[in-house]
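Since the structure comes first, as structure tokens, the remarks are kept for the end.
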Amino acid sequence: MKKLFTLDRFVALFLIALSLLLSESVEYYGQELIAEITILAIFAMSLDLLVGYAGLVSLGHAAFLGIGSYATGILTVQYGWEMFPTMLISIALAGLVSALVGIFVVRLEGIFFIMITLAVSQMFHAYFLKNREFGGDDGMPGIQRLDLEAFGLTVFDPADFAKFTLIVAVLVYIGLDLLMSSPFGRYLIGIHQNENRMRSLGVPVEQYKLAIFIIAGMVAGLSGSLQAQHTGFVSPDAMFWTVSGVVLIMVIAGGTGSLVGAVVGAVIVRLLSHQISSLTEHWMLFMGLFFIAIVLFASDGIYGTFAKYCRRSRWWKSAGNSSD
Amino acid sequence: MYSDPTFLVIQTLNGLQLAMLLFLLSVGLSVVFGLMNIVNLAHGTLYMFGAYFGIWVYNLTESFWAALALAPLGVMLLGMFFYEILIKKLRNAPPLQQVLVTFGLIFVGLDAVRMSWGNLATSIPKPEIFSGSVLIFGEIYPSYRLFIIGLGILVMLVLYFCLERTRVGSIIRAGVDDREMVSCLGINVDLAFFGVFCIGCYLAGLSGVVAGAVFPVEPGMDMSVLILTLIVVVVGGLGSLKGAVVGSLMIGLAETYGQVFIPEYASVTIYALMAIILLKRPGGLFPARAVQ
């Protein structure tokens, strides 16, 4: 039985409303932070498609973010393209590259998948680091933003740009939520839970994994394009493996296997590290203890554990929902 | 210069030296991985603590050998402590939780080192008898590097003997192969695992002390070896001594040759090598257990 108002969608609505309210009320720096976190949340959702739904733990996802960023930078700055077609091409390119990578890597499992995605992303990083044409290790400055005058938004106003990223994030969320509730998404979850069973049911497991790898790459490319527009700059640092590592930690901390969990992880980890580092220089110590505490006391991740208790609680059931 | 055989020999020795350090780091990690499926990302942190404990002991005793003897034991105690309070609880947890906890430990370890010893890079002075150099085909070569190679080979031989010729070794090999069957035979696999974990910590600490005399000792040195170590583990295959030996030799030599012969692609040599190997052999070269 399909329900329209799942807990995930309810929390997603709440988060969107909260960010919209905040984007009006906070100062310049806060608005910049909202845009940054929203872009990060899109990136985290794309990784959760792999980690939480398909069981493919990637430590090289930043490569596709970087490809989206570089495509946006190269096409607009060096070739003088308009931003809107550039964004579409950036997404398509990220998808194409992830298809080429995915064909080779999706048959690997566990730690081997982790390490090969790491290897691939480090090779992309090295390529852009060495390539003087695209700025080498200095990166590429001067990237413009999408013109949204037609919608009444001036994107150089940080509040309006934050709203723009929020709109994109909502569209991505709706799209991915529909995708994951579709038979395609159910197959993926089935593969994650018991690959051999799905295989013996005649499901072409590798093709499904490749498909989600490409979709995740495209969404990561979109977040990369947005990031390039936000900072006006792209450098090889964007695809270094630590970027992939941090977003993987965010997804795990938030709770894998639900898009909202990935978003919650991105928001909380980014805000916490921002807050703690402004209070003490030993922010790493507290973040480290925070991660350990999550596993010990909220083993399904922050949102995953919250959702578990909510679904068990009386008011959620009394609102006409089943416990699952 | 590249065709000069002496140059090649020197670079090969450099490669072997790196390979031996990687071997000390990866063998424990690989067997723990193979035996219990525990993903310990904090293994590099143990290496860093080995180096800092080494400096600490050296400052107290003025002796490299005291540092070499005591610091790895300190690292082993540290590892046992974290095993008892944390890792034990996670033995059956999903791998992602292990990733998050050990990643948290990396953060905690990094800040603990910064708080205790500061941010500046230092090093452990070399021992007197290995502070000079020797002549190899007319080239001057630091003798300490030969000491590292010798130590690595010694550890390899000792581990080989223990794994292949002793009862404990056969329990460990059988445990990697089929853990449930071994525990059905009334053998305490958890205890064997604990022993392997401790030895892995000890060797990580040992490599930290040894490396502390050639590489800078600084916060962040853990991350630079972590990736190399993980690459060795997956290239060699999980849980086998042979895999750790072959993997560390390949990666140590590839990294060194890459930096010398193709400097512009040095940063990708080992990644390319790993990618090729994993595409041909998805379970690494010599996994202890056949990949399903």
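Protein chains in written order, with numbering that gives the first Met the number 0: chain A, 0 to 323; chain B, 0 to 291. Virtual Cβ for every residue (Gly too), placed ideally from N, Cα, C.
Check: Separation of S180/A from V112/B, as counted between CA atoms; Outcome: 47 Å
Check: DSSP-derived helix/strand/coil call for Q291/B; Outcome: Only weak support exists for where Q291/B lies, its pLDDT of 43 falling under 50; the value from the coordinates is given anyway. Residue state, collapsed to three classes: coil.
Check: Distance between beta carbons of A203/B and L45/B, contact taken as under 8 Å; Outcome: 4 Å
Check: Euclidean distance between Cα positions of G236/B and P215/B; Outcome: 30 Å
Check: The region 211-231 of chain A in contact with the region 71-80 of chain A per 3-pair CB rule at 8 Å; Outcome: yes
Check: Rounded C-alpha distance that separates G254/A from L17/A; Outcome: 20 Å
Check: Identity of the residue in S45/A, L152/A and S97/A nearest V171/A by Cα; Outcome: S45/A
Check: A93/A to V233/A span [Cα, whole Å]; Outcome: 15 Å
Check: Positions along the region 216-245 of chain A whose CB lies within less than 9 Å of some CB in chain B; Outcome: W240, T241 and G244
Check: Residue burial classification, G53/B (beta-carbon count within 10 angstroms, cutoff 16); Outcome: buried
Check: Boundaries (first-last residue) of the alpha helix (DSSP H) holding L85/B; Outcome: From DSSP, L85/B is part of no alpha helix (DSSP H); its letter is neither H nor E.
Check: Selected residue, minimal CA-CA separation from P124/B, among L162/B, D177/B, L67/B and C161/B; Outcome: L67/B
Check: Sufficient close CB pairs (3 or more, under 8 Å) joining the region 306-313 of chain A to the region 12-23 of chain B; Outcome: no
Check: L167/B burial status per 10 Å Cβ neighbour count (16 or more: buried); Outcome: A small fix is needed here, since residue 167/B is Val in this sequence, not Leu. The residue in question, V167/B, is exposed, as its Cβ has fewer than 16 Cβ neighbours within 10 Å.
Check: Within 7 Å of chain B by C-beta, residues of the region 249-276 of chain A in sequence order; Outcome: I251, A252 and T255
Check: Rounded separation between P157/A and E31/A - CA only; Outcome: 6 Å
Check: Residues of its chain near A11/A, where Cβ-Cβ distance is below 7 Å and the 5 sequence neighbours each way are ignored; Outcome: Y172 and V259
Check: L14/A versus S317/A: straight-line alpha-carbon distance, rounded; Outcome: 23 Å
Check: Simplified DSSP assignment, three categories, for P94/B; Outcome: helix
Check: Inter-stretch contact (C-beta, 8 Å, three-pair minimum) for the region 59-66 of chain B and the region 217-232 of chain B; Outcome: no
Check: Within chain B, the residues that G303/A reaches when beta carbons sit closer than 9 Å; Outcome: By Cβ distance, chain B contributes nothing, its closest Cβ being about 11 Å from G303/A, past 9 Å.
Check: Cβ neighbour criterion (16 or more within 10 Å) applied to T85/A; Outcome: buried
Check: Secondary structure of T228/B, DSSP reduced to three states; Outcome: helix
Check: Inter-stretch contact (C-beta, 8 Å, three-pair minimum) for the region 92-111 of chain B and the region 289-297 of chain A; Outcome: yes
Check: V244/B versus N39/B - alpha carbon distance; Outcome: 19 Å
Check: Simplified DSSP assignment, three categories, for L147/A; Outcome: coil
Check: Contacting residues, own chain, Cβ-Cβ under 6 Å from G216/A (five flanking each side not counted); Outcome: F63, A93, G94 and S97
Check: Cβ of G270/B within 8 Å of any chain A Cβ; Outcome: In the sequence under discussion, the amino acid at residue 270/B is Tyr, which differs from the Gly named in the question. It does; some Cβ of chain A falls within 8 Å.
Check: Collapsed DSSP secondary structure at I66/A in the structure displayed; Outcome: helix
Check: Whole-angstrom distance between R313/A and L117/A, CA atom to CA atom; Outcome: 44 Å
Check: Span of the beta strand (DSSP E) around E138/B; Outcome: E138 to P141
Check: Limits of the beta strand (DSSP E) - the one that I135/B falls within; Outcome: S132 to I135
Check: CB contact check: D293/B to chain A, cutoff 8 Å; Outcome: Since the first residue shown for chain B is 0 and the last is 291, residue 293/B is missing from the structure and cannot be characterised.
Check: Three-way DSSP call (helix, strand, coil) for P140/A in this model; Outcome: strand
Check: Proximity test, Cβ basis, 8 Å: G235/B and chain A; Outcome: no
Check: Presumed contact (8 Å Cβ cut-off) between H273/A and Y52/A, rounded CB distance; Outcome: Not really, about 29 Å apart at Cβ, beyond 8 Å.
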